[in-house]
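Residue numbers (our numbering): 15 to 247.
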C-alpha cells in the first residue's frame, strides 16, 4: 500500500500573544508576537548554558531568559497559525516572528498565510540563517521587516540584509559589527543601528556603556525595553 502523502508543514509555536513591540524602530507599535520554538545557539535548558556557550561560541546562552524550548509547543499549520494570530490581534495587523531563532522554521508558506490575513510581517533573527534559504531567492518574497540581533562574530553571519541591527551590550559592540552595519537597509535616509543594554544584574553597567558608545558614534542609538516599562510581555 502506498504511503499517504504528508500533510502540510506544522510549525512548533511556543507562544502567541498580542502586545506592544518594545524595542528598536517599531517600539510602541501594537503587534502580535509569534514565538517559534528552538534555537541553534542554546537548547534553552538551564543545565546546558555553559556547554552551549562553549559549543556555539555565543555569549547569549549564559544570560538569555527567553522560554523557547520545544516541550509544550503547539504544532500548527501555516493557515491555522495565521488565523490564530488574526484572532489574537483583533484590529492589529503587525506580526513579529521571534524565537529562539525563527528562521529555523519560518518559510514562504507561513509568510504567505500571514500576508493573506493582512499582516505586515517582521522577523527577529540572530543572523545565522540566510533569508533566501527560508523564503527563496527573490527579496520580494522575504519578510517586510527584518531585525538582526547577532550573537556570533560577523564573519559567521550569512544573513544577506536587514532593516535594523541591534547589539546587546556589553557583550556585543559596534566595532565588531562594522561590516554587518553596511547590510542594514536605509529608511528615511538612515540606517537603524541600535544598542540594547542587557537586562538583569548587569543592566546598570550595560546602560552606561550604551550611552558612552552612542556619544562616541551618534549613528548608533540606545534601545530600551519599552514593553517592560509598560508592564506587558
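In this text, a Cβ means the ideal position worked out from N, Cα and C, and glycines have one as well.
Query, Result
"Straight-line gap, residue 275 to residue 185 (C-alpha atoms, nearest Å)", "Outside the shown range of the chain, which is 15 to 247, sits residue 275, and nothing can be said about it."
"Reduced DSSP category for residue 233 - H, G, I as helix; E, B as strand; rest coil", "coil"
"Straight-line Cα distance separating residue 147 from residue 15", "Interpretation of residue 15 is limited by its pLDDT of 45, a score under 50 that renders its predicted location unreliable; no figure is taken from the coordinates."
"Sub-8 Å separation of residue 171 and residue 142 beta-carbons", "yes"
"Own chain, CB closer than 8 Å to residue 188, minus 5 neighbours either side, in chain order", "181, 195, 207, 209, 227, 231 and 234"
"8 Å contact criterion, which residue 99 and residue 40 should meet: CB distance rounded", "Between residue 40 and residue 99 the Cβ distance is about 16 Å, and since that is not below 8 Å, they are no contact."
"Sequence-distant residues of the same chain with beta carbon closer than 6 Å to residue 144, five excluded per side", "172"
"Residue environment, residue 49, which counts as buried when at least 16 other CB atoms sit within 10 Å", "buried"
"Alpha-carbon spacing of residue 69 relative to residue 239, whole angstroms", "29 Å"
"Residue 16, DSSP secondary structure in three states", "Residue placement at residue 16 cannot be trusted, given a pLDDT of 49 that sits under 50; what the coordinates show is reported in the next sentence. It is coil, neither helix nor strand."
"Where residue 109 falls: helix, strand or coil (DSSP)", "strand"
"Sequence-distant residues of its chain with Cβ nearer than 8 Å to residue 244 (five each side left out)", "34 and 36"
"Residue 22 versus residue 191: straight-line alpha-carbon distance, rounded", "39 Å"
"Reference residue 13; option with closest CA among 84, 85 and 62", "Summary: the structure shown does not reach residue 13, with the chain confined to residues 15 through 247, and so no result is reported for it."
"Minimum length 4: unbroken alpha helix (DSSP H) runs contained in the region 116-150", "122-130 and 145-149"
"Bridge-paired residues (DSSP) for residue 206", "178"
"Boundaries of the alpha helix (DSSP H) in which residue 242 is found, first to last residue", "240-244"
"For residue 179 and residue 81, the rounded distance between their alpha carbons", "23 Å"
"Inter-residue Cα distance where the pair is residue 167 and residue 174", "15 Å"
"Assigned exposure category for residue 242 - 16 Cβ within 10 Å defines buried", "exposed"
"8 Å contact criterion, which residue 52 and residue 84 should meet: CB distance rounded", "6 Å"
"Straight-line gap, residue 28 to residue 201 (C-alpha atoms, nearest Å)", "32 Å"
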